[in-house]
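Trainee: The sequence shown begins at 0 in numbering that gives the first Met the number 0 and counts up by one. Virtual Cβ for every residue (Gly too), placed ideally from N, Cα, C. All values derive from a computational prediction rather than experimental measurement.
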Amino acid sequence: MKKILIINGPNLNMLGIREPKKYGKNKLSYINNKVNKRFEKKIKLFFFQSNSEEKIIKKIHKSYRKINYIIINPAGFSYNSYSILDAIISINIKYIEVHITNIFSRKYRKKSIFSRNAICVISGMGYMGYISAIEFLVTI
0 MKKILIINGP NLNMLGIREP KKYGKNKLSY INNKVNKRFE KKIKLFFFQS NSEEKIIKKI
60 HKSYRKINYI IINPAGFSYN SYSILDAIIS INIKYIEVHI TNIFSRKYRK KSIFSRNAIC
120 VISGMGYMGY ISAIEFLVTI
């Protein structure tokens, strides 16, 4: 059974509270449960959220040879966290970058440093982006 680590970056713990018109009314725990139930018989999912760059890096390092893929929503780290990107590259793992909103439609911060190395980027689909990413990874 494939194993996927889903990493959510800063402020995603505030989903459901933070700008619900933009990010939706669902809390991250609801999204994680919904996603997990959909795939629990097909794939093993591990969920991690942190506002700390250091904690995300440590989680990635601890995942070395324990998972098959990463799905990452780097959130505010999308634009400048070369340390997180280097951590992913250092364990030689393929990943998909997911964003709840369409970051490419923003006036500022519309370029992610993670996109270039990702299998693909899913942006603007709400929590369905996580589901689409997993469905793709199940097939490869």
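Going along the chain, which residues of its own chain have a beta-carbon closer than 6 angstroms to the beta-carbon of Phe76, five neighbours each way excluded?
Mentor: Answer for Phe76: Gly8 and Ile83, listed in chain order.
Trainee: What are the start and end residues of the beta strand (DSSP E) that includes Tyr142?
Mentor: In the structure as shown, the chain begins at 0 and stops at 139. Residue 142 is therefore absent and cannot be evaluated.
Trainee: Are the beta-carbon atoms of Ile140 and Tyr94 separated by less than 8 angstroms?
Mentor: This structure leaves residue 140 out entirely; the chain is present only between 0 and 139.
Trainee: Helix, strand or coil for Lys43, going by three-state DSSP, please let me know.
Mentor: The answer is strand: DSSP assigns Lys43 an E or B state.
Trainee: Whole angstroms are fine: how far does the CA of Ser49 sit from the CA of Met124?
Mentor: So the two alpha carbons sit approximately 22 angstroms from each other.
Trainee: Looking only at C-alpha atoms, which of Asn91, Phe38, Glu39 and Lys40 sits nearest to Ser62?
Mentor: Closest by alpha carbon: Asn91.
Trainee: Can you pull the DSSP bridge partners for Val120?
Mentor: Looking at the DSSP assignment, Val120 forms a beta bridge with Glu96.
Trainee: Would you be able to state if there are at least three C-beta pairs under 8 angstroms between the region 25-43 and the region 2-16?
Mentor: Yes, the region 2-16 touches the region 25-43.
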